[in-house]
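Residue numbers (the numbering used here), protein chains in the order written: chain P, 1 to 337; chain V, 1001 to 1337.
Below: one structure, written as structure tokens.
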DNA sequence: TCCTCCTTTTGAACCGTTTCAATCAAAATT
DNA sequence: AATTTTGATTGAAACGGTTCAAAAGGAGGA
């Protein structure tokens, strides 16, 4: 037997197709009696509305896209999980794609998602040192509902939800200074990318405020935001600078830093304080629990989803960046006064 | 101006709607000249096919669903990433949902996905101690394309791709025995769930083969497969059993085991060898790098996707479980001979 | 020039919903 | 009893593609 359609239901229930449709949508125009009747037939036939026909009529798929750099950094996995919950709350589904920190790949996935009929899109910006953002501009030109999460592309500071990153490194640095450290460095990526820029800003503000000299070579630019990146950064600068405090741009990188220091026989935190960023779940369970900055993931995600749905539903929203408060987790890897 | 449809393209190109459709699909029935012409108009108008109308006609959304317990265990994040790549290869998109190890939540998400018109579904089974599998049976009854990944529900050993889990713990245990350990335990979850059962089997086989007595209380049943679960398991049994080797069911749990042992002043691996399972990326970069079993994630995922597409395309496939080889990573946390 | 065959194009049916103006029936009002 | 109002239902158009039998066009052969 062929597929069961709304026609079959209508026929068996002895009403018109239109009525069945309205009954299924619980429209007040249909009498309770008819609704019951229709529902009974639906049950009996095991009928299920065809999502494609429905989408065509409603021009909505009730699904949204999500683009992240990848899950090698568990932080993004935690974000994905929180985001899925937030989306599910709204009875929508989440498609995801991995950009690998390449805007080219990002553009490809955007195109693919558009071919799937997503209603909106949430993007964690790629840390691409040579970004091509034409696809983003294109979306924006068409008023496609788009929200950035955890950061934004420098030229495009619209509809973004992120943590107050500057605040996190400010507190971290201040804590280290209070603990008597004076030669603190920060390991970041390409400072033209906002998440890095903001963290560096906070770091600088703390030094300035405390009268500790800030200069350019306290900012170490690493190209990989990974364990290996942290490892390599130490090899590159430790012997020369001999820092007593190190702030890494994320937890995985901080672990790389600690790993390399230990293997050189340098003690953490006795000789050098190390702090990370993100508070991924394994950070607290390291042998030397990591001092780090917690981003309010669940809150960020629900905020981003709310923002996205405002855009989808055409409600007017002020452009701009919503910043949510971070909270510093003082643990063993760093001395903070 | 309204939405650009295929009609607009047809009008401007001076051909029929049918021809435009065929041109877009690169059908051999359309002349090269016409194709070029149509494409030019498409370009000019910035036309894009409506995915909903297309899906309705083709009865396919070119997207598939993926259900995982969650991303707290980074292993699942790595699987999600690999799966996304495998699916993208086929020019499809991936929807994902988090089951939280609850078959009830799993059922809810399956229902939601069905309402989105997915073409097929890949599920990592939930470790639900009291599973309700009616939704799975329902899918199977309707011949809905469904593939299980990393394990399967005991009553439903169909279309599954997983690693040869027994083999991993077999080798792990054998290695420990060869290193002279004799009092080895394994920490698992509910043994009615296949992934646990298989790992226990391999463990047992190794003991049997080497003439080391196996008995029930060498299998510790923990209820959380988390860091905390590993921690608690040590509190529960260490003092009584005094094992010299411990195999945990996954890496995160193994880290919990190590964390608790260390805090009790017990040295790893000098006093106790500890091994994990999965080889998540942070395992190799722990202060004591973890001996563990690598699952061939990329291979499993591409295999699962191939299997799923066979089902979707109606190719006939033998039922059953495909097992892929694991490889043991001998690192510092365990003595293996 | 006429006929045949092959390639291209057309046009309408179809996919399965939603929506809404028009109709119908029953209840309320005069 | 006739008229108006209210409430429930109908039927057809719309959504925007794909597909395929039939028609048209063009090339080649007799």
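The beta carbon of each residue, even a glycine, is placed where N, CA and C say it ideally should be.
No experiment lies behind these values; they were computed from the predicted model shown.
Taking residue i and residue j to be in contact with their CB atoms under 8 angstroms, please state how far apart those CB atoms are, rounded to whole angstroms.
i, j, result
"residue 258 of chain P", "residue 274 of chain P", "5 angstroms"
"residue 61 of chain P", "residue 1262 of chain V", "So it is not a contact: roughly 50 angstroms between Cβ atoms."
"residue 66 of chain P", "residue 80 of chain P", "7 angstroms"
"residue 95 of chain P", "residue 1016 of chain V", "About 34 angstroms; that fails the 8 angstroms criterion."
"residue 1327 of chain V", "residue 1294 of chain V", "5 angstroms"
"residue 1127 of chain V", "residue 1193 of chain V", "6 angstroms"
"residue 153 of chain P", "residue 131 of chain P", "7 angstroms"
"residue 23 of chain P", "residue 38 of chain P", "4 angstroms"
"residue 184 of chain P", "residue 245 of chain P", "4 angstroms"
"residue 253 of chain P", "residue 276 of chain P", "7 angstroms"
"residue 255 of chain P", "residue 230 of chain P", "7 angstroms"
"residue 71 of chain P", "residue 1216 of chain V", "Contact doesn't hold; Cβ gap of about 38 angstroms is too wide."
"residue 1222 of chain V", "residue 1187 of chain V", "5 angstroms"
"residue 64 of chain P", "residue 124 of chain P", "Their Cβ separation, rounded to whole angstroms, is 14 angstroms, which puts residue 64 of chain P and residue 124 of chain P out of contact at 8 angstroms."
"residue 204 of chain P", "residue 214 of chain P", "5 angstroms"
"residue 198 of chain P", "residue 166 of chain P", "5 angstroms"
"residue 12 of chain P", "residue 41 of chain P", "5 angstroms"
"residue 162 of chain P", "residue 181 of chain P", "With 8 angstroms as the limit, residue 162 of chain P and residue 181 of chain P do not qualify as a contact, their Cβ atoms being about 28 angstroms apart."
Which chain V residues sit within Cβ distance under 7 angstroms of residue i?
i, result
"residue 255 of chain P", "1285"
"residue 282 of chain P", "1282"
"residue 74 of chain P", "1074, 1077"
"residue 259 of chain P", "1285"
Find the residues of chain V that neighbour residue i, judging by a C-beta separation of less than 8 angstroms, and give them in chain order.
i, result
"residue 53 of chain P", "1056"
"residue 62 of chain P", "1115, 1116"
"residue 59 of chain P", "1052"
"residue 112 of chain P", "1088, 1091, 1093"
"residue 85 of chain P", "1098"
Could you give the residue range of the alpha helix (DSSP H) that holds residue i?
i, result
"residue 172 of chain P", "165-178"
"residue 1055 of chain V", "1051-1058"
Can you tell me where the beta strand (DSSP E) holding residue i begins and where it ends?
i, result
"residue 19 of chain P", "Not the beta strand (DSSP E): residue 19 of chain P falls in the alpha helix (DSSP H), residues 17-24."
"residue 294 of chain P", "292-294"
"residue 1273 of chain V", "1273-1275"
Where does residue i fall in DSSP's three states?
i, result
"residue 1335 of chain V", "coil"
"residue 338 of chain P", "Given that chain P is displayed from residue 1 to residue 337, the structure contains no residue 338 of chain P and the question cannot be resolved."
"residue 1324 of chain V", "strand"
"residue 1005 of chain V", "coil"
"residue 300 of chain P", "helix"
"residue 288 of chain P", "coil"
"residue 1306 of chain V", "helix"
"residue 1044 of chain V", "helix"
"residue 1268 of chain V", "coil"
"residue 1187 of chain V", "strand"
Anything in chain V within Cβ reach of residue i, meaning under 9 angstroms, just list it in chain order.
i, result
"residue 43 of chain P", "Ordered by position in chain V, no residue passes the 9 angstroms Cβ test against residue 43 of chain P, which lies about 14 angstroms from the chain."
Output, in chain order, the set of chain P residues within a Cβ distance shorter than 7 angstroms of residue i.
i, result
"residue 1080 of chain V", "71"
"residue 1227 of chain V", "285"
"residue 1137 of chain V", "Those do not exist, as residue 1137 of chain V stays about 14 angstroms from chain P at its closest Cβ, beyond 7 angstroms."
Below 8 angstroms on C-beta distance, what does residue i contact in chain P?
i, result
"residue 1262 of chain V", "287"
Going along chain P, which residues have a C-beta under 9 angstroms from residue i?
i, result
"residue 1048 of chain V", "114, 115"
Those runs of the beta strand (DSSP E) which lie wholly inside the stretch 1111-1152 of chain V and span at least 3 residues
1120-1123, 1146-1149
As an exercise, report each continuous alpha helix (DSSP H) stretch of at least 4 residues that is fully enclosed by the stretch 1061-1113 of chain V, in chain order.
1074-1089
In chain order, which beta strand (DSSP E) runs of at least 3 residues are fully inside the stretch 189-262 of chain P?
219-221, 245-248
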